[in-house]
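Below is one structure, written out as structure tokens; comments come after it.
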Amino acid sequence: MGRSLRLRLGPMALVGQLCYTGQSLRRSLRRSSVDHAAPKEPAQKPPSPAGAASRAPAPAASASLPSVSPKSSMEMLRQLKSLKRHPTVMTQYVSERVPPALLQSLFSKSPIEADDLALVLECLRQAGKQASNQSRKQARKQ
């Protein structure tokens, strides 16, 4: 479609063109899937000793605890979201680096969303459980 025709017809012409392109794409995909209904198995090469070492799975990287307290609410939420896959480190971050007074001051000017608040409360709950478990262990030892 030429540029001048596109300008005269407006955005609806582009939508029609996209629909037509999508239909032809679906037809070509159907044809290619019929042609290749039974995929051929690739030829497997015997593993070489040098190649096996290079394909070894990398060890999972563990998250490290940020060294400083957050300066803003956005920074704290960014750290929490990056530590989501490491719940123990996230709990340690909230309990050690974010004291209650700082948490209140961070979110006094800007509101916290419900899912972020749930994440912080879950971390505080886990920290409370860990602290009670440690105090029980210490009481048993005495």
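In this text, residue positions in the sequence shown follow full-length UniProt numbering: the first is 1, and each later residue adds one. For each residue, glycine too, the CB sits at the ideal point set by N, CA and C. For clarity, every value in this text was computed on a predicted model and none was experimentally measured.
Since residue i is in the alpha helix (DSSP H), which residue starts that stretch and which ends it?
i: P100; result: P100 to L106
i: E96; result: P87 to R97
i: Q134; result: A114 to K141
i: K71; result: K71 -> no alpha helix (DSSP H), and no H or E assigned at all.
Please go through the same chain and pick out, in chain order, the residues whose beta-carbon is closer than 6 angstroms to the beta-carbon of residue i, but skip the five residues on each side of it.
i: P70; result: M76
i: S73; result: L106, F107 and S110
i: A58; result: Unreliable positioning characterises A58 in this predicted model, as indicated by a pLDDT of 46, which lies under 50. The coordinate reading is nonetheless provided below. Result list for A58: empty, nothing under 6 angstroms.
Keeping to the same chain, check which residues put their C-beta closer than 8 angstroms to that of residue i; ignore five residues upstream and five downstream.
i: P66; result: Q79, Y93 and R97
Determine the closest residue to residue i out of the options, with distance taken between C-alpha atoms.
i: S64; options: K84, R136 and Q142; result: K84
i: C123; options: V68, S82 and T88; result: T88
i: N81; options: A114, K141 and L119; result: With the sequence shown as reference, residue 81 is identified as Lys, and Asn is not the correct amino acid for it. Measuring from the Cα of K81, the nearest candidate turns out to be L119.
i: L102; options: A131, R140 and V68; result: V68
i: residue 143; options: Q142, P100, P99 and S62; result: Not covered by the structure: residue 143. The range shown for the chain is 1 to 142.
Grab me the residues of residue i's own chain with a C-beta within less than 7 angstroms of its C-beta, minus the 5 sequence neighbours each way, in chain order.
i: L121; result: none
Below 8 angstroms, can you find three or more Cβ-Cβ pairs linking the stretch 122-130 to the stretch 80-96?
Result yes; three or more Cβ-Cβ pairs closer than 8 angstroms.
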